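Residue numbers (full-length UniProt numbering), protein chains in the order written: chain A, 1 to 342; chain B, 1 to 247; chain C, 1 to 306. Below is one structure, written out as structure tokens; comments come after it.
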Amino acid sequence: MTRLHPATTPEASPSESRSWLERRHLVHGVLLAVMLLAPVAAHLMGEIYYVNLASRVALVAMAAVGLNLAIGYGGMISFGHAAYFGLGGYVTGISAFHAFDGSLVMGLPGSDNMLAIWLAAVLLCGLLALAIGAISLRTTGVYFIMITLAFAQMAYYFANSWPDYGGQDGLPIYLRNTLPGIDTNDALSFFLICFTALVLSMALTSRLMRSRFGAALTMARLNETRLATAGISPFPIRLVAFVISAMITGLAGALYADLNGFVSPSMLSWHLSGELMVIVILGGVGRLYGPLAGAILFVMMETLLGGLTEYWQFFLGLVLLGVVLFAKQGVIGWLAGRQQHE
Amino acid sequence: MSESVLSISGLHKRFGALQATDDVSLELKAGEIHTLIGPNGAGKSTLIAQIAGSLRPDSGQIHLGAHDITALGVARRARLGLGRSFQVSCLAEPLSVLRNVMIGAQALQGHSFRFWQPVDRDPSLLAPARAALERMHLAHRADTPVAELSHGERRQVEVACALVLKPRALLLDEPMAGLGPEGTARLTELLETLKHEVPILLIEHDMDAVFRLADRISVLVAGSIIAHGDSATIRRDPRVRDAYLGD
Amino acid sequence: MSVTLLIEQLINGLQLGTMLFLMASGLTLVFGVMGLINLAHGSFYMVGAYVTALATVSTGSFLLGLVAGVLAAAAAGAIVELLVIRRLYHRQHLDQVLATFALILIFSEGTRWLFGSSPLWLSPPEALSGSVALPGGSRYPVYRLVIIAVGVVVAAGLYLLIAHTRLGMRIRAGESDREMIGALGVNIRRLYTLVFALGAALAGLAGSLVGALQSVQVGMGEPVLILAFVVIVIGGIGSIKGALLGALLVGMVDTLGRVFLPALFGQFMSPSDAAGTGTALAAMLIYILMAVILAFKPKGLFAAHD
């Protein structure tokens, strides 16, 4: 049997493994510090644009943290996480819409309180993922990829053709939703909300993966027969992981709509699902800090290349192709060393 | 007669024109090692798959104690107390030996929907897993990734994984393969004491081990049991000699 | 009136179905033989349409344009296979998805770079621009009927190719046993390139034919690609028969749903509500169909193998 991850072996000399460990923690610390301090600096210099850009990075990273739980930790290659990102966005948009004109939605009043919106977004995304997951997880391999894609397309076309909330034109959010005690219109305050949400989602993932649930999910990914032989059915474990993953991505979507002041079917499009996957892969699959590294890289490329040429996605394609064909560990693997033993 | 822990009656399985399992009935009684032997292609793997739950029989019943487990899946059978090891090792390669065994200890303590407490500092998981490894003389390999183990060591991990489940019946599929003489001797010794805790349905190619360990032997040829009895009976049976030992 | 409409829509459904079959057969063949999931299949559809549009303008002949489009798609397929795809056969599905997603970006943005974002227009040839009378009195464009005929001919040809030729035998052998066919001395690499190019050519043909009905633009392959995925998932991935049946089913359900669902809801809703609900539901109908089929048959109607 060939060894898959030579560097994961604890046999490497202790000093060597400790230095890897330190480098890993150092890289992670630097990533978080940059993520937090760069927008603070931008704020001090009055560069609101860059503060908002950082919010975008944080939210895209958080959406990818959700997806990484499914793909990286659960081995479930969902090509339809835009459905949850978009649903989260629409919960924000629709709630704000009804709060604005005072009408009811399904017998409930709208709300401009972010806490209520987040709760609704997380619950609805969880329910949607429960239904989609229950059908999709009966299948494996390519079927799973295509089915999750198809369900997301279903949501996309539904949003496109449902006229009440703007259809394909999308739905503007005229006033940013509120949070008691915080001025959400202040770019830095809003960034800090996003950053906190991102860090919490990463902490949750980390904690989750070290728990019994995480042990079972890891085993479901690596060897589901072993898991079943131990007496644990893989299906419910995967389903719950899929639901949690969708909830994280959905919450990121809810915040993303508030960031942009706008929600449209493009948040549900398969391009978005693809981009989230790209971020997960660019960063490093199944690495806690992978989504953050991937999101930073992705948004930087978008901003820098996009500033040079309108056709920046052409180059994104080339970079991505290179990463997939030649650099399997992603940015985090390259910066922080190979996967540590989990 | 002691009670039967695992009983299989009238099992049939057909793949197209091939009758892979043909009216097989078997019993595993408390305190015994019941060995299943048969030439290659006799349908042992198909039979094991049906007992373990990864393959549904066309007809017949399988009982574990008082439970009819014929229609249950692999995980349900394991929870009811069926432990097994695989012929081709079935472990999570990148994980440590300890982690592979711990998942069984975790399953034994009820559902796995516990999201908070880390497993790597949970004595209620670590202790039984380490004890099972100790029993298989593998304690020194606990933190080694399975990918680095030898063929024989993987076999031992498989058995440890089954032991940690505290099973009511144990299904061991060629556990001696690849062990070498010393390992085989040690495992034989272990199984001899183990059978008093949990009866073992043993599929094995090593004939010395079979004749030494087995309280009863069933011989599977072309999907059906052609002979059944203790070692002496089986050695004398001309049909067995023809089908299996003869050439 | 209603019967006429029904006949017209049935033919429309058939036409969509045949186009989907051209797309889906290539996808399912590539998956069945090489185990590869190819998102960039829609790019060959686009390449076919663009080259046909450009060649038709410069030669003045739609037929020449069509031939050029199909050949260009086949060539693009062969090149992509040689440069990228063959490195992916033994990779995980995740890698395949990402690499072919990258190819979509490269193809789409590259095309936009070369030809701009505004659509090209391609009209069907003069000779096929007429229409014929349908039973019930309405008229139906000849060109759409020709598309159906082409689809039927290609489906038959594909069947003959796979069932009765040496190449087909190798394709079938490749599906069931890759090592075996290597051992038989068949040049597997060339076979794979050939199969991939064939699939690309079929996608290019679909793009060329449909290009004359709609506008030719960047991204035109993507909605069709996703429909083709639904088709092969419903039919069973790897099965040509499943692709045919799935394509017709999806073509019919989608076309008829869009026309008749709003009318159906009109029976018990106000017209504006019915239009909204009906349209929204019709857009989701094939996905609902897919979910229902998969709930009962997780590997599709004609599951070949994993």
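Ideal Cβ positions, reconstructed from N, Cα and C, are used throughout, including at glycine. Fair warning: this is a prediction, and the values are worked out from it, not measured in the lab.
Buried versus exposed, by CB contacts within 10 Å (16 or more), residue 3 of chain B: Here residue 3 of chain B refers to the residue found at position 3 of the second sequence. The residue in question, residue 3 of chain B, is exposed, as its Cβ has fewer than 16 Cβ neighbours within 10 Å.
Kindly list, in the order they appear in chain A, the residues whose Cβ is closer than 9 angstroms to that of residue 114 of chain B. For the purposes of this step, residue 114 of chain B is taken as the residue at position 114 of the second sequence. From the beta-carbon of residue 114 of chain B, the residues of chain A found nearer than 9 angstroms are 211, 212, 213.
Through-space distance from residue 210 of chain C to residue 164 of chain C, alpha-carbon basis: Against the third sequence, residue 164 of chain C aligns to sequence position 164. Against the third sequence, residue 210 of chain C aligns to sequence position 210. Between the C-alpha atoms of residue 164 of chain C and residue 210 of chain C there is a straight-line separation of about 30 angstroms.
Does the segment 72 to 90 of chain C come close enough to the segment 282 to 299 of chain A that 3 or more CB-CB pairs lie under 8 angstroms? Cβ pair count under 8 angstroms is below three, so no.
Kindly give me the distance between the Cβ atoms of residue 229 of chain A and residue 78 of chain B, rounded to whole angstroms, as I take these residues to be in contact under 8 angstroms. By one-based count along the first sequence, residue 229 of chain A stands at place 229. By one-based count along the second sequence, residue 78 of chain B stands at place 78. Correct: roughly 6 angstroms between the Cβ atoms.
Measure the CB-CB distance between residue 20 of chain B and residue 38 of chain B and report whether it falls below 9 angstroms. Within the second sequence, the letter at position 20 stands for residue 20 of chain B. Within the second sequence, the letter at position 38 stands for residue 38 of chain B. In this structure, residue 20 of chain B sits away from residue 38 of chain B, with a CB-CB distance that is not shorter than 9 angstroms.
According to DSSP, which residues form a beta bridge with residue 140 of chain C? Here the question's residue 140 of chain C lines up with position 140 in the third sequence. Bridge partners of residue 140 of chain C: C:132.
Within the chosen definition, does the segment 120 to 132 of chain B reach the segment 48 to 55 of chain B through at least 3 CB pairs nearer than 8 angstroms? Look at the beta carbons and you see the segment 120 to 132 of chain B not touching the segment 48 to 55 of chain B: under three pairs across the two are nearer than 8 angstroms.
CB contact below 9 angstroms: residue 119 of chain C versus chain A: Counting from one through the third sequence, the residue named residue 119 of chain C turns up at place 119. Output row for residue 119 of chain C: interface = no.
Can you pull the chain A neighbours of residue 115 of chain C, defined as C-beta to C-beta under 9 angstroms? Locating residue 115 of chain C in the third sequence gives position 115, counting from the first residue. Ordered by position in chain A, no residue passes the 9 angstroms Cβ test against residue 115 of chain C, which lies about 12 angstroms from the chain.
What does residue 208 of chain A reach in chain B if we use C-beta pairs closer than 7 angstroms? The residue given as residue 208 of chain A occupies position 208 in the first sequence. Within chain B, 115 have C-beta atoms less than 7 angstroms from the C-beta of residue 208 of chain A, given in sequence order.
8 angstroms contact criterion, which residue 40 of chain C and residue 100 of chain C should meet: CB distance rounded: Here the question's residue 40 of chain C lines up with position 40 in the third sequence. Here the question's residue 100 of chain C lines up with position 100 in the third sequence. With a Cβ gap of about 4 angstroms, residue 40 of chain C and residue 100 of chain C count as contacting.
Do the segment 221 to 238 of chain B and the segment 193 to 200 of chain B make contact, defined as three or more Cβ pairs closer than 8 angstroms? Judged by Cβ distances under 8 angstroms, the segment 221 to 238 of chain B makes no contact with the segment 193 to 200 of chain B, as fewer than three pairs qualify.
Along the chain, where does the alpha helix (DSSP H) that runs through residue 41 of chain C open and close? For this step, residue 41 of chain C is matched to residue 41 along the third sequence. Per DSSP, residue 41 of chain C is one residue of the alpha helix (DSSP H) stretching across 41 to 59.
Could you check whether residue 115 of chain B and residue 214 of chain A sit closer than 9 angstroms to each other, using their CB atoms as the reference points? The sequence position of residue 214 of chain A within the first sequence is 214, counting from 1. The sequence position of residue 115 of chain B within the second sequence is 115, counting from 1. The answer is yes: Cβ separation under 9 angstroms.
Name the chain B residues whose beta carbon is nearer than 8 angstroms to that of residue 226 of chain A? By one-based count along the first sequence, residue 226 of chain A stands at place 226. Going along chain B in sequence order, the residues near residue 226 of chain A (Cβ under 8 angstroms) are 90, 91, 92, 100, 103, 161.
Measure from the alpha carbon of residue 239 of chain A to the alpha carbon of each residue in A:75, A:48, A:282, A:50, then state which is nearest. Within the first sequence, the letter at position 239 stands for residue 239 of chain A. Of the candidates A:75, A:48, A:282, A:50, the residue whose Cα lies closest to the Cα of residue 239 of chain A is A:75.
So residue 131 of chain C and residue 139 of chain C are supposed to be a Cβ contact under 8 angstroms. How far apart are they, rounded? Looking up residue 131 of chain C in the third sequence gives position 131. Looking up residue 139 of chain C in the third sequence gives position 139. With a beta-carbon spacing of about 4 angstroms, residue 131 of chain C and residue 139 of chain C fall inside the 8 angstroms limit used to define contacts.
Any chain A beta carbon closer than 9 angstroms to residue 260 of chain C: Here residue 260 of chain C is taken as the residue at index 260 of the third sequence, counted from 1. Interface with chain A (9 angstroms Cβ-Cβ cutoff): residue 260 of chain C is excluded.
Distance check for residue 34 of chain C and residue 2 of chain A, CA to CA, integer angstroms please. Reading the first sequence from its first residue, position 2 is the one you call residue 2 of chain A. Reading the third sequence from its first residue, position 34 is the one you call residue 34 of chain C. Confidence at residue 2 of chain A is low in this model, with a pLDDT of 33, below 50, so its placement is unreliable and no value can be given for it.
To be precise: take each residue of the segment 138 to 168 of chain A, compare its Cβ to all Cβ atoms of chain C, and keep it if any distance is under 8 angstroms. Which residues remain? The residues in question are 138, 139, 140, 141, 142, 143, 145, 146, 147, 149, 150, 151, 153, 154, 157, 158, 160, 161, 162, 163, 164.
Examine chain C for any beta-carbon lying closer than 9 angstroms to the beta-carbon of residue 16 of chain A, and answer yes or no. Counted from its first residue, the first sequence places residue 16 of chain A at position 16. Below a pLDDT of 50, predicted positions are generally treated as unreliable, and residue 16 of chain A, at 45, falls in that range; no measurement from the model is reported.
Measuring CB to CB, does residue 145 of chain A end up less than 9 angstroms from residue 295 of chain C? By 1-based counting over the first sequence, the position of residue 145 of chain A is 145. By 1-based counting over the third sequence, the position of residue 295 of chain C is 295. Taking 9 angstroms as the Cβ cut-off, residue 145 of chain A and residue 295 of chain C do not qualify as a contacting pair.
With contact counted as at least three CB pairs below 8 angstroms, one residue from each stretch, are the segment 46 to 62 of chain A and the segment 191 to 206 of chain A in contact? Judged by pairs of C-beta atoms under 8 angstroms, the segment 46 to 62 of chain A touches the segment 191 to 206 of chain A, as three or more such pairs exist.
As a quick exercise: from A:35, A:147, A:40, pick the residue whose alpha carbon is nearest that of residue 80 of chain A. Counted from its first residue, the first sequence places residue 80 of chain A at position 80. For residue 80 of chain A, the closest alpha carbon among the candidates A:35, A:147, A:40 is that of A:147.
Proximal chain A residues relative to residue 112 of chain C, where beta-carbon distance stays under 7 angstroms: For this step, residue 112 of chain C is matched to residue 112 along the third sequence. Neighbours of residue 112 of chain C on chain A, chain order: 311.
Where residue 10 of chain A falls, given that 16 or more other Cβ within 10 Å makes a residue buried: Position 10 of the first sequence, counting from 1, holds the residue named residue 10 of chain A. The pLDDT assigned to residue 10 of chain A is 35, lower than 50, so where the model puts this residue is not dependable; a value taken from the coordinates is nonetheless given after this. Residue 10 of chain A should be labelled exposed.
Given residue 166 of chain A as reference, the closest of A:323, A:283, A:93, A:44 once Cα atoms are compared: What you label residue 166 of chain A is simply residue 166 of the first sequence in a count that begins at 1. Checking every option, the nearest Cα to that of residue 166 of chain A belongs to A:93.
Whose C-alpha, out of C:37, C:119, C:250, is nearest the C-alpha of residue 14 of chain C? If you number the third sequence from 1, residue 14 of chain C lands on position 14. Checked all of C:37, C:119, C:250; the closest Cα to residue 14 of chain C is C:250.
From C:188, C:214, C:272, residue whose alpha carbon lies closest to that of residue 89 of chain C: If you number the third sequence from 1, residue 89 of chain C lands on position 89. Here the closest residue by C-alpha is C:188.
Is the CB-CB distance between residue 6 of chain B and residue 82 of chain B below 9 angstroms? For this step, residue 6 of chain B is matched to residue 6 along the second sequence. For this step, residue 82 of chain B is matched to residue 82 along the second sequence. Cβ distance < 9 angstroms, so residue 6 of chain B and residue 82 of chain B count as in contact.
Can you find a CB in chain A that lies within less than 9 angstroms of the CB of residue 97 of chain B? The residue labelled residue 97 of chain B in the question sits at position 97 within the second sequence. Judged by the 9 angstroms Cβ criterion, residue 97 of chain B is not in contact with chain A.
What residue range does the alpha helix (DSSP H) around residue 15 of chain B cover? What you label residue 15 of chain B is simply residue 15 of the second sequence in a count that begins at 1. It is not in any alpha helix (DSSP H) - residue 15 of chain B instead sits in the beta strand (DSSP E) that spans 4 to 15.
One or two residues paired with residue 219 of chain B in a DSSP bridge: The count along the second sequence starts at 1 and reaches residue 219 of chain B at position 219. DSSP output for residue 219 of chain B lists B:37, B:227 as bridge partner(s).
Span of the beta strand (DSSP E) holding residue 267 of chain B? No information on residue 267 of chain B is available, as it lies outside the stretch 1 to 247 that chain B covers here.
Is the closest heavy atom of the ligand NAD to the C-beta of residue 68 of chain A under 8 angstroms? The ligand NAD is not part of the structure shown, which contains no ligands of any sort.
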